Amino acid sequence: MNETVPNIDRLALWALWIGMALAASMALVVIAGRLGQFAHERFLRRLTGRYGPIIERALRADADALDALVRSPSRHRLDIARLLIFPLVHDRSPDRIGATRDIIRAMSLVPLADRWLRSRWWWKRVPAVQTFGLLRFADRAPQLVAALDDSNADVRSAALDALADLHDPTTLTAIIVRMHDTSLHRGRRAAALAAFGAQCEGFLVELARVDPAHRLNYAKALTICGTERSRHMLCEWTADDREEVRAAAFEALARVGLDNRAAALAIAALESRDVHERAMAAAALHGWTGAGDGATRLARHLGDAWPVAVRAAQALQSMGAPGRAALQPYAAGTDQAGVLARQMLWEVEAWV
Amino acid sequence: MSLTVIIAVFAALVTAYFVLWNVCQITMGVVGAWFVWRYQRRRNIRSRALVTRLAAPPLVSVVVPAHNESLTIVESIRALLALDYEAREIVVVNDGSSDDTLLVLQQTFRLVPAPLAFDQPLKTAAVRGHYRSMTEPDLVVIDKVSAGCKADASNAGINAASGTLVLIIDADTMLEPDALSRGVLPFLEDPTTVAAGGYVAIANGSRIEGNRVIDAGMPRSWLARFQIVEYMRSFLLFRLACASQNAVTIVSGAFGLFRRDAVIGVGGFSDNAIGEDMDLTLRLQRHFRAQRQPARIAFVPVPVCWTQAPEDLPSLRGQRCRWRRGLLQTLWRYRRVVANPRYGAVGMVVMPLTTLFEGVGPLIEVAGYFVTTIAALIGILNWSHYRILLGISVLFGAATTLLAVLLSDLTARRYLRGRDLALLCAAAVLENVGYRQLNSWWGCVGTFQALTGKGGWGPMKRREF
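Chains as they are written, first to last, in my numbering: chain P, 112 to 463; chain F, 12 to 476.
In structure tokens form, the structure reads like this:
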């Protein structure tokens, strides 16, 4: 016991010193980090103050300003590139993109981006990929497509974003065939399709014909970019064996718009046994004022399962006078149908 | 002799606990730093723009349970209406307020009674009326009888929500302008995401305009300063480490974004849970892991919202005792998850650590202080050893809190002035002398209250910003 006490003493003193060293080093790291950040921000402020006006002039094709950027010290180049490229995330005007691309080329930053694109570190490949997309370097499209198969998920996501920004129709096939690739972010796949809009439709329709197994995905894609060209096919899909495909087809028809045949199918599908299909059929009838007894049939579903009832009510509200007329008889009720009908009528009166 | 042996054995146990606690904190700090580094690189300006590129971003219903919030409710709602995420609706639930919360809302936003049909999958106390605004079509107000808990009001809001995602906040929560777009990203990227929480920062001492924190600053009150570094430690060490392993066990009540169908699927907030936020998060984890369904609970490591911290001891004591009772109740409810391999990292790592450090920890700490003081007083431990032990405790505590301050600087540097940084560092050290012990003591009081079934909500002074 007597021998143990001095050992514990020593251990305790060691622990005290370690604690002190840890606390002091943490405090120093916090302060050093702050000083470093402060210095970097000051540098960026000065850089922005110095190059901001020059960049603005260079973007307006001022030769002297471009020359000043080209002759800028190499240690400033990356930050200047950021000042040039970051605004393109929200400003996608072709003129600005073209002017920025020319400046980046003149500043010899493209080889650097190429090097980063081949880097072994994913955090360098990601900004390189994004830069080529934001600047719409069409000649780098093959590299961006190849990046869709990168080993790193963040690079693959960045590549999808970049291809959406690049907006090059030659890459459309590569995007669409990866539509079923769940390793790519779902939202980014949707955003890429949205970026191309109706341009995707032809490919989607062609692929859907030879690949019925993934019909659900194609239908969902057509809810983003479909037009009346795909209506006929979607109408056929409403007879698919799979309930989820039928529901997705009606969802896509809601975007594409109805004709008499599609409307008849949607009205008939209101009697489907599947809740989701009925709900999507009701959604598809949004704004329909053509042939058929859509309004009356929709009104019967105000007391249906909630997803169906709410879509039926919204569709009726969007139909104008016939919809309001169909809602009116239910408005006195105290059940779900009654409250929904009153809410829709109230909203029309209050806001329209 | 026997007393000496007992004290020696006890000292060995406390030391083992102390070493384990510090090793875990530092490990969590390292894991957290890695998580933040990766997050900052993944969430660059282009990647965050995803929300703006979607044709139809998911509709988010912001549910604001409000009980006697007439002082702050209008500013809160105005700030919510000004969020940078357009696909959102605001559902305010006036939870039986006895002040003029509803009247203030009616006058400010021209509320009128309106028919409002909604699905009611979650049972709640009676709803007295629905109101729509004539000026803000995205604003819905539900007036209901209070059931005496936020959970019931949140459930009423979830019932009325038409969004696929619901954001549950406190009425005094001040969201960052980009909070929703940051919070929605994990749902857009990974369809298995069922919830997302975020780093909640303390607004005391900050300059606030229009319910937005314009300039973060350190408050005058040391009590609030201690809470600032304490929140940093809690969110940026423990929760980040949990998030890196998809093992988040608490999505804070001040900012919790959930997939509506997932919340309804597990029965919504439990109205008899004191810590309803932790209870719901654990229920989600348990449900999806038990069903072997992939589910992710994400964490946004940058400040997504700001909240008021109590600056007086009675309010703080009430809050801490309530949190303590909530924690113990939740740990007891989910005791079968602890050390159960079926629940993965949640069962095998996070819950055992939570039980040890947060469940039993305060009792061990208080007992440790008590026994060492007694040992010093009766001469078993000499005073120089006593001081050394206290010094070790303070210094290691300060080191881990400073690590959290460092992580906070890495995620989003908010306290910009040198004076504020100095105060942060000082608070990181000084909170270990007095404040931490006080917290542990309140932990014991809370435990006593939990065991005896005593304790209420406690006082909470609200201030107008």
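Ideal Cβ positions, reconstructed from N, Cα and C, are used throughout, including at glycine.
All figures in this text were calculated on a predicted structure; none of them were measured in a lab.
Note to self: How far does the beta strand (DSSP E) with K155(F) in it extend, from its first residue to its last?
What the structure shows: Residues L150 to K155.
Notebook entry, point to check: Closest to T338(P) by CA distance: which of A132(P), R408(P) and F314(P) is it?
Noted result: Distance check between T338(P) and each of A132(P), R408(P) and F314(P) places F314(P) closest, using alpha-carbon atoms only.
Item checked: CB contact check: Q454(P) to chain F, cutoff 8 angstroms -> yes
Note to self: Here's the rule I'm using: 16 or more other beta-carbon atoms within 10 Å means buried, otherwise exposed. How should V367(P) be labelled?
What the structure shows: buried
Next item on the list: Quick one: which residues of the segment 142-157 of chain F get their C-beta closer than 8 angstroms to a C-beta of chain P? List them in chain order.
Entry: R143, M145 and P148
Notebook entry, point to check: Cβ of L327(P) within 8 angstroms of Cβ of A363(P)?
Noted result: no
Check: Which first and last residues belong to the alpha helix (DSSP H) in which S185(P) is found?
Finding: S185 to I196
Notebook entry, point to check: For A174(P), is the classification buried or exposed, using 16 other Cβ atoms within 10 angstroms of its Cβ as the cut-off for buried?
Noted result: A174(P) should be labelled exposed.
Item checked: Of the residues R218(F), F269(F), F368(F) and R398(F), the one placed nearest T384(F), counting alpha carbons only -> R398(F)
Next item on the list: Could you work out which residues of chain F lie near Q439(P), taking near to mean beta carbons separated by less than 9 angstroms?
Entry: Residues of chain F passing the Cβ test: none, with the nearest at roughly 14 angstroms.
Next item on the list: Please name the residue or residues paired with E100(F) in a DSSP beta bridge.
Entry: E100(F) is bridged by DSSP to S72(F).
Checklist line | I286(P) versus L274(P) - alpha carbon distance | finding: When rounded, the distance between both Cα atoms is 8 angstroms.
Margin query: Can you check whether the C-beta of G130(P) is within less than 8 angstroms of a C-beta belonging to chain F?
Written below: yes
Item checked: Where G209(F) sits in the DSSP three-state scheme -> Note: G209(F) maps to strand in three-state DSSP.
Margin query: At 4 residues or longer, what runs of the alpha helix (DSSP H) sit wholly inside the segment 210-272 of chain P?
Written below: 221-228, 233-245 and 252-258
Next item on the list: Could you tell me which of R57(F), A77(F), A284(F) and I239(F) sits nearest to H201(P), measuring between CA atoms?
Entry: R57(F)
Check: Can you find at least 3 beta carbon pairs, one from the segment 178-193 of chain P and one from the segment 150-168 of chain P, that sit closer than 8 angstroms?
Finding: yes
Next item on the list: Select from the segment 424-435 of chain F all residues with a C-beta closer than 7 angstroms to any C-beta belonging to chain P, and list them in chain order.
Entry: R424 and L432
Check: For the segment 331-355 of chain P, which residues have a CB atom closer than 9 angstroms to at least one CB atom of chain F, in sequence order?
Finding: T334, I335 and C336
Check: Between R53(F), A171(F), V74(F) and A461(F), which lies nearest to W417(P) when the distance is taken from Cα to Cα?
Finding: A171(F)
Next item on the list: Taking C-beta pairs closer than 8 angstroms, name the residues in chain F that L127(P) reaches, listed in chain order.
Entry: I399, G402, I403 and L406
Notebook entry, point to check: Can you give the Cα-Cα distance for Q36(F) and E187(F), rounded to whole angstroms?
Noted result: 28 angstroms
Next item on the list: State yes or no: is the beta carbon of V102(F) nearer than 8 angstroms to at least one beta carbon in chain P?
Entry: no
Next item on the list: Report yes if the CB atom of G228(F) is closer than 8 angstroms to the CB atom of Y446(F), and no otherwise.
Entry: A distance of 8 angstroms or more separates the beta carbons of G228(F) and Y446(F).
Checklist line | Complete beta strand (DSSP E) runs within the segment 162-241 of chain F (minimum length 3 residues, chain order) | finding: 176-180, 204-213, 218-220 and 223-226
Notebook entry, point to check: the segment 296-318 of chain P: which residues have C-beta closer than 9 angstroms to a C-beta of chain F, in chain order?
Noted result: H296, R297, G298, R299, A301, A302, A303, L304, A305, A306 and G308
Notebook entry, point to check: Using a Cβ-Cβ cut-off of 7 angstroms (strictly less than) and excluding sequence neighbours within five positions of F21(F), which residues of its own chain qualify?
Noted result: V382
Note to self: So that I know if they touch, is there some Cβ in chain F lying closer than 8 angstroms to that of A123(P)?
What the structure shows: yes
Note to self: Give me the subset of the segment 137-159 of chain P whose CB atoms are less than 8 angstroms from a CB atom of chain F, sorted by chain position.
What the structure shows: Residues of the segment 137-159 of chain P whose Cβ lies closer than 8 angstroms to any Cβ of chain F, in chain order: M137, A138, V140, V141, I142, G144, R145 and Q148.
Notebook entry, point to check: Who are the near neighbours of Y329(P) in its chain, counting only those whose CB is closer than 6 angstroms to its CB and skipping five residues on each side?
Noted result: The answer, listed in chain order, is L315 and A319.
Margin query: For the segment 94-113 of chain F against the segment 205-217 of chain F, do three or more pairs of beta-carbon atoms, one drawn from each stretch, fall closer than 8 angstroms, so that the two count as touching?
Written below: By the Cβ rule, the segment 94-113 of chain F does not count as touching the segment 205-217 of chain F, because fewer than three pairs are nearer than 8 angstroms.
Check: Which chain F residues sit within Cβ distance under 8 angstroms of V238(P)?
Finding: According to the sequence displayed, residue 238(P) carries Pro and not Val. In chain order: N55.
Checklist line | Three-state secondary structure assigned by DSSP to T318(F) | finding: DSSP places T318(F) within a strand segment (E or B) once states are collapsed to three.
Item checked: Of the listed residues V386(P), A375(P) and Q425(P), nearest to A359(P) (C-alpha basis) -> V386(P)
Notebook entry, point to check: Can you tell which of C336(P), H325(P), R372(P) and D404(P) has its C-alpha closest to the C-alpha of E99(P)?
Noted result: Shown here, chain P extends from 112 to 463; a query on residue 99(P) therefore has no answer.
Check: In terms of alpha-carbon separation, which member of G402(F), S245(F), L113(F) and E100(F) lies closest to V444(F)?
Finding: G402(F)
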